[in-house]
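A.B. asks:
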Amino acid sequence: MERRDFLKASAMAAATAAATRAFDKESHAADAPGKDDVRWDKAPCRFCGTGCHVQVGVKGGRVVAIAGDQKAEVNKGLLCVKGYHVGLALYGGDRLTRPLLKKDGVFKPISWDEAIDIIARRALANPAGFAVYGSGQWTIPEGYAANKLVKAGLTSNQIDPNARLCMASAVTGFISTYGVDEPAGCYDDLDRCDVVILWGNNPAEMHPVLFSRIIDRRSRGEEVTLIDINTRRTRSTAFCQHALTFKPNTDLAIALGIMHLLVEKGTYDKGFVEKFCNFRQRTEPPTLDGKAMTFEEFRKALGDYTPEKVEEISGVPAEKIRLLGDLFGRRDLKITSLWCMGMNQHTRGTAINDLVHGVHLLSGHFGKPGDAPTSLTGQPSACGTVREVGTLAHALPGGLVVTKDEHRKEAEEIWNLPAGRINPKPGYHTVEMWRRFCKPADQGGDIDTIWVQVTNPGQSLPNTNEIFYPSRKIPGKFLIVSDVYPTETVRNADLVLPSAMWVEKNGMVGNSERRTQQWFKMVEPPGEARDDCWQLIAVARRLFELGHPGMKDKDGNFLFSMRKDGREVPVWDFKHYYDINVDQQLFEEYRKFTRFKHKDLAPYDEYTRARGLRWPVVQQKDGSWRETRFRFARFDDPYAVKEEIQFYHSVTKDDRALIWFHPQEPAPESPDKDYPFWLCTGRVVEHWHTGTMTMRIPQLRTAMPQAYVEMHRDDARRLGISNGEVVIVESRRGRVEMPAWIDGRGQPPPGSLFVPFFDETVLINRVTLDAHDPLSKQPDYKKCAVRVLRKEPPGRTP
Amino acid sequence: MMISGLVVTLAEDPRQQTLALDALRRDARIQLGEGAGRKLPVVVETTTAEESTALVEALGCAAGVDFVDVIYVDFSGTSGAGA
Ligand code: SF4
């Protein structure tokens, strides 16, 4: 058989297996693609938080083929357009391959020893002003190492991740409702529900494989009702039976309208509410605990939100609010809500998260397969590395926080630190960290060094004209960036470190459904590129050598000391980094934290065999490890033992969840006569976030080469703008140029615009607003006021 | 040369399905497999990766096709990514 025939036979076998087995509950996993001279191994996809597994084909030291992993429960062999091109993300022509130091505005290659020494000396000179800015794309061991370096070593707590920008409001929503983070349900809900409600969510583009899982049920003749609650029509809308387009920032009113109907019509689930819920309202200033309210007070507060009133506020017809109220009022249906950035990137992000949980709790659509409020994450390990490892400025691993004495004590014990080592004061959240980096020291700018890993804040922070670029002009501010390609952040850096990526290193991540996944290194990184985790350990070791006291535990040993056969392995020396499995060492230590909040993880080896396991993963009497699909539900969660539902981390310590009341309020910035349009930013299916990887994959770049501004044809006609014409989008903070796309892929209503942020030639975050939620500190990228100008209208110069 | 394995989900309407199948059969780059319900496995062979992407996009929008999932890609015969 010729190679070509062999490949075609392999492709047909994989497609046939997927077609016949996809989503068949009785199916057994198919084998890896056919045997050739290609070596196959499993890895999660590098891109989104769906967490699909791929089979990676390696030949001659290069990744040469990608197949959907038939054994993976998440994707059952399927991949989206990004996933099947993921192997090519390694092979862009401009990979960073040497450490580079900027001198007189020009990057000059330096050695790794010099680079590590420079970083360590910056940290030593001012530990409190040295911050690490990380990522939901850090692997779990990388994030854990960074967290330990900053919280156990430098003791400044100055670490925060880009995930602050994408899911912090989901975290505060879960904690304020259930007392503990992360969804109770999982993707299995999508196979069992009768109704899916998309709250400002576009999974056809952002989580395509999950969306395909829902659509696939329809193709098998099952009835699934999809309802799209949106501010613009998207690819997902086309598949939905109902589309409710609301005025930006009025989603709270819609949720309150549903609650109003449930209470007034008496269709709420009285038994569930009386047994498992308490009511809560906010305080001033707002807190995650709020203050108690009675059911009668709750009912009264909802009184204003009649369907007609909600229509007036949101623009959604009253009959559609009644449709939602009726659906939630039915006990014979299973309802799953999905959301992502639309609800999280919101100055009322915690409030709208609380309200959607509240709608499910009030109606009893909770805790049964198919009945779940489920937030989706954008990054492959926003859950695993940020929420679980606790790389946020206030957090410790396993759901612990630096502000609680007993939590610090537990962490000090696990890390073998002297008592009192961990600082009780949280570090700065993302916006504050970068704001302080952009101010001189004598004006409160107490952050003088930021080390960025696995993210591109120069393109992804909001309002970059105010919270990114000014730092580049202030003497003494030093930006270190570890990355794989030259990005906007890299170009603005003082020191650049070339990193290994994806299957060029070992890794572990955690997806949106609490699933922890693992893979092994398969190919070598190019040039001198090295693992991010090694970079962190090497800097810690250099600090240890320079005498920083925080780099020693209470017995005087190096914080990252790893032993094999009784002897210390010098993992800080890259020659010896793979003499021991560093990921395994760090993960086994991290695992000790996970029992405090019932987020138990299995030993590392279990993950080498599985396509991920959903926590809590608990050992059975026969020694096997069992994952949990439905948290808080006695039939599945080993920690729910008292009632059929037990919220065992309840804020009110009585095993009950909280149903919150939050009023509808105006946005911090709304269109006016000078800036008459709403601007919403977001993603497209072809590109992943800032496009660092996907814009280097020719197929994806060709498919979507450039950012654009979507606008309604009536607005375009009124302004005399034609399709494809280059226009200026301008806010009070900045302006960018891009072509207009009328009747494009997404369709905003009149008065609204949409611009994707993947394109580094169209830096839309020069325009956005950095106003953020008071609790989650997550900025609102979905709503600010802008105007659109033709490039050369009479009397104006761009 | 670029080879991909796809699963094409055909529309519910039998007339639409026939339209889609006729169009697929007419394209020499596409080899049809044994269908399972509305799920049809196909293999696509193109000269370049760009052509493959364009073809998959076009298939997704074709009459009688509800959805296209790509589940296998071999790009060892392409020149790889560029900057
Ligand atoms: S849906 Fe997400 S995880 Fe799955 S293949 Fe696509 S980008 Fe990768």
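Just so you know, the protein sequences line up as chains A and B, in that order.
Under the numbering used here, the residues of the first sequence are numbered 127 to 924, in order.
Under the numbering used here, the residues of the second sequence are numbered -7 to 75, in order.
Virtual Cβ for every residue (Gly too), placed ideally from N, Cα, C.
1) Quick check on the DSSP output: the beta strand (DSSP E) that includes Ser501 (chain A) runs from which residue to which?
2) Is Ser507 (chain A) helix, strand or coil by DSSP?
3) Please report whether the beta-carbon of Gly194 (chain A) lies at a distance below 7 Å from any beta-carbon of chain B.
4) Could you check whether the Cβ of Thr176 (chain A) sits closer than 6 Å to any heavy atom belonging to ligand 1?
5) Which partner residues does His368 (chain A) have in the DSSP bridge list?
6) Does DSSP put Tyr716 (chain A) in a helix, in a strand, or in coil?
7) Determine the DSSP secondary structure at Leu291 (chain A), reduced to helix, strand or coil.
8) Let me know if Pro495 (chain A) comes out buried or exposed under the rule of 16 or more other beta-carbons within 10 Å of its beta-carbon.
9) When Cβ atoms are compared, which residues of the stretch 813 to 834 of chain A fall closer than 8 Å to chain B?
10) Going by the C-beta, is Pro334 (chain A) closer than 6 Å to any heavy atom of ligand 1?
11) Name, please, each residue of chain C whose Cβ falls closer than 8 Å to the Cβ of Gln23 (chain B).
12) Can you grab the Cα-Cα spacing for the pair Val622 (chain A) / Val607 (chain A), in whole Å?
13) Would you give the residue range spanned by the beta strand (DSSP E) that Ser878 (chain A) belongs to?
14) Quick one: give me the first and last residue of the beta strand (DSSP E) that Asp930 (chain A) is part of.
15) Return yes when at least one heavy atom of ligand 1 lies under 6 Å from the C-beta of Cys171 (chain A), else no.
16) Could you name the residues of chain A that Thr38 (chain B) contacts, counting a contact when the two beta carbons are closer than 8 Å?
17) Are the beta-carbon atoms of Cys806 (chain A) and Lys718 (chain A) separated by less than 7 Å?
18) Using the Cβ count rule (16 or more neighbours within 10 Å means buried), how would you classify Gly653 (chain A)?
19) Mapping the DSSP letters down to three states, classify Val580 (chain A) as helix, strand or coil.
20) In chain B, what lies closer than 9 Å to Val184 (chain A) by C-beta?
21) Could you say which of A:Trp465, A:Asp377 and A:Trp660 lies nearest to Gly441 (chain A) if we only look at CA atoms?
22) When you compare the CB positions of Ala191 (chain A) and Gly183 (chain A), do they come within less than 7 Å of one another, or not?
23) Give the secondary structure of Phe424 (chain A) by DSSP, where H, G and I count as helix, E and B as strand, and everything else as coil.
24) Within 10 angstroms of its Cβ, does Gln284 (chain A) collect 16 or more other Cβ (buried), or is it exposed?
25) Within its chain, find whatever has a CB closer than 8 Å to the CB of Thr357 (chain A); leave out the 5 residues flanking it on each side and keep chain order.
26) For Val322 (chain A) and Leu662 (chain A), I'd like the C-alpha separation in whole angstroms.
27) Can you pull the chain A neighbours of Arg30 (chain B), defined as C-beta to C-beta under 7 Å?
28) Under 9 Å between beta-carbons, which chain B residues line up against Val207 (chain A)? List them in chain order, please.
29) Who are the neighbours of Gly653 (chain A) on chain B, taking C-beta pairs under 8 Å?
30) When the Cα atoms are used, what is the spatial distance from Val708 (chain A) to Lys185 (chain A)?
31) Using Cβ-Cβ distances below 7 Å, what residues of the stretch -2 to 17 of chain B are close to chain A?
32) Any Cβ of chain B within less than 7 Å of the Cβ of Ala619 (chain A)?
33) Return the CA-CA distance between Cys509 (chain A) and Gly262 (chain A), expressed in angstroms with no decimal places.
34) Since Asp307 (chain A) contacts Val297 (chain A) with CB under 8 Å, what's their CB separation in whole angstroms?
35) I need the DSSP call for Leu662 (chain A), collapsed to helix, strand or coil.
36) Contact criterion: CB-CB distance below 7 Å. Does Ala759 (chain A) meet it with respect to chain B?
C.D. replies: Let me lay it out:
1) Translated into the one-based positions of the first sequence, residue 501 (chain A) becomes position 375. Ala498 to Ser501 is the span of the beta strand (DSSP E), which, as asked, contains Ser501 (chain A).
2) One-based indexing of the first sequence puts residue 507 (chain A) at position 381. Three-state DSSP puts Ser507 (chain A) in coil, outside helix and strand.
3) For this step, residue 194 (chain A) is matched to residue 68 along the first sequence. By this cut-off, Gly194 (chain A) is an interface position.
4) Here residue 176 (chain A) is taken as the residue at index 50 of the first sequence, counted from 1. Under cutoff, so the answer is yes.
5) As a first step, residue 368 (chain A) is located in the first sequence; it is residue number 242 there, counting from the start. According to the DSSP secondary-structure assignment, His368 (chain A) is paired through a beta bridge with A:Ile353.
6) To locate residue 716 (chain A), count along the first sequence from 1; it is residue 590. If DSSP states are grouped into helix, strand and coil, Tyr716 (chain A) belongs with the helices.
7) Here residue 291 (chain A) is taken as the residue at index 165 of the first sequence, counted from 1. Helix.
8) Here residue 495 (chain A) refers to the residue found at position 369 of the first sequence. Buried.
9) Under the 8 Å Cβ criterion, the stretch 813 to 834 of chain A contributes Arg822, Ile823, Pro824, Gln825, Leu826, Thr828 and Ala829.
10) Within the first sequence, the letter at position 208 stands for residue 334 (chain A). Yes, since a heavy atom of ligand 1 falls inside the 6 Å radius drawn around the Cβ of Pro334 (chain A).
11) The chain inventory of the structure shown lacks chain C, comprising the protein chains A and B.
12) Start at 1 with the first residue of the first sequence, and residue 622 (chain A) comes out as number 496. Start at 1 with the first residue of the first sequence, and residue 607 (chain A) comes out as number 481. Rounded to the nearest angstrom, the gap between the Cα atoms of Val622 (chain A) and Val607 (chain A) is 5 Å.
13) Counting from 1 along the first sequence, the entry for residue 878 (chain A) is found at position 752. Taken as a continuous stretch (DSSP letters only), the beta strand (DSSP E) holding Ser878 (chain A) covers Ser878 to Pro882.
14) Given that chain A is displayed from residue 127 to residue 924, the structure contains no residue 930 (chain A) and the question cannot be resolved.
15) By 1-based counting over the first sequence, the position of residue 171 (chain A) is 45. The answer is yes for Cys171 (chain A).
16) Taking the second sequence and counting its residues from 1, one reaches residue 38 (chain B) at position 46. Those do not exist, as Thr38 (chain B) stays about 11 Å from chain A at its closest Cβ, beyond 8 Å.
17) Position 680 of the first sequence, counted from the start, is the residue given in the question as residue 806 (chain A). Position 592 of the first sequence, counted from the start, is the residue given in the question as residue 718 (chain A). Note that the C-beta distance between Cys806 (chain A) and Lys718 (chain A) is not below 7 Å.
18) Here residue 653 (chain A) is taken as the residue at index 527 of the first sequence, counted from 1. Exposed.
19) By one-based count along the first sequence, residue 580 (chain A) stands at place 454. Val580 (chain A) falls in the coil class under three-state DSSP.
20) Here residue 184 (chain A) is taken as the residue at index 58 of the first sequence, counted from 1. Chain B residues near Val184 (chain A): none, gap ~10 Å exceeds 9 Å.
21) Residue numbering aside, residue 441 (chain A) sits at position 315 when the first sequence is read from its first letter. Of A:Trp465, A:Asp377 and A:Trp660, the smallest CA-CA separation from Gly441 (chain A) is found for A:Asp377.
22) In the first sequence, residue 191 (chain A) corresponds to position 65, counting from 1. In the first sequence, residue 183 (chain A) corresponds to position 57, counting from 1. Gly183 (chain A) sits close to Ala191 (chain A), with the two beta carbons spaced by under 7 Å.
23) Start at 1 with the first residue of the first sequence, and residue 424 (chain A) comes out as number 298. Reduced to three states, the DSSP call for Phe424 (chain A) is helix.
24) Counting from 1 along the first sequence, the entry for residue 284 (chain A) is found at position 158. It is buried - the Cβ of Gln284 (chain A) has at least 16 other Cβ atoms within 10 Å.
25) The sequence position of residue 357 (chain A) within the first sequence is 231, counting from 1. The residues are Gly326, Thr371, Phe372, Lys373, Pro374, Gly468, Trp804, Cys806, Pro874, Pro875, Ser878 and Lys908.
26) Your numbering for residue 322 (chain A) matches position 196 in the first sequence. Your numbering for residue 662 (chain A) matches position 536 in the first sequence. Roughly 42 Å between the two C-alpha positions.
27) Here the question's residue 30 (chain B) lines up with position 38 in the second sequence. Here the neighbours are Ser345.
28) Walking along the first sequence from the start, residue 207 (chain A) turns up at place 81. At a C-beta separation below 9 Å, Val207 (chain A) has these neighbours in chain B: Thr45, Val48, Glu49 and Val62.
29) As a first step, residue 653 (chain A) is located in the first sequence; it is residue number 527 there, counting from the start. Per Cβ cutoff of 8 Å: no residues; Gly653 (chain A) is ~15 Å from chain B at best.
30) Taking the first sequence and counting its residues from 1, the one referred to as residue 708 (chain A) is at position 582. Taking the first sequence and counting its residues from 1, the one referred to as residue 185 (chain A) is at position 59. Rounded to whole angstroms, Val708 (chain A) to Lys185 (chain A) spans 25 Å at the Cα level.
31) Residues of the stretch -2 to 17 of chain B that bring their beta carbon within less than 7 Å of a beta carbon in chain A comprise Leu(-2), Val(-1) and Thr1, in sequence order.
32) Here residue 619 (chain A) is taken as the residue at index 493 of the first sequence, counted from 1. No, no contact with chain B.
33) Here the question's residue 509 (chain A) lines up with position 383 in the first sequence. Here the question's residue 262 (chain A) lines up with position 136 in the first sequence. For Cys509 (chain A) and Gly262 (chain A), the distance between alpha carbons rounds to 7 Å.
34) Working through the first sequence from its first residue, we reach residue 307 (chain A) at position 181. Working through the first sequence from its first residue, we reach residue 297 (chain A) at position 171. So it is a contact: roughly 5 Å between Cβ atoms.
35) The sequence position of residue 662 (chain A) within the first sequence is 536, counting from 1. Collapsing the DSSP output to three states places Leu662 (chain A) in a helix.
36) For this step, residue 759 (chain A) is matched to residue 633 along the first sequence. Put simply, the CB of Ala759 (chain A) is far from chain B, with every gap to its CB atoms at 7 Å or more.
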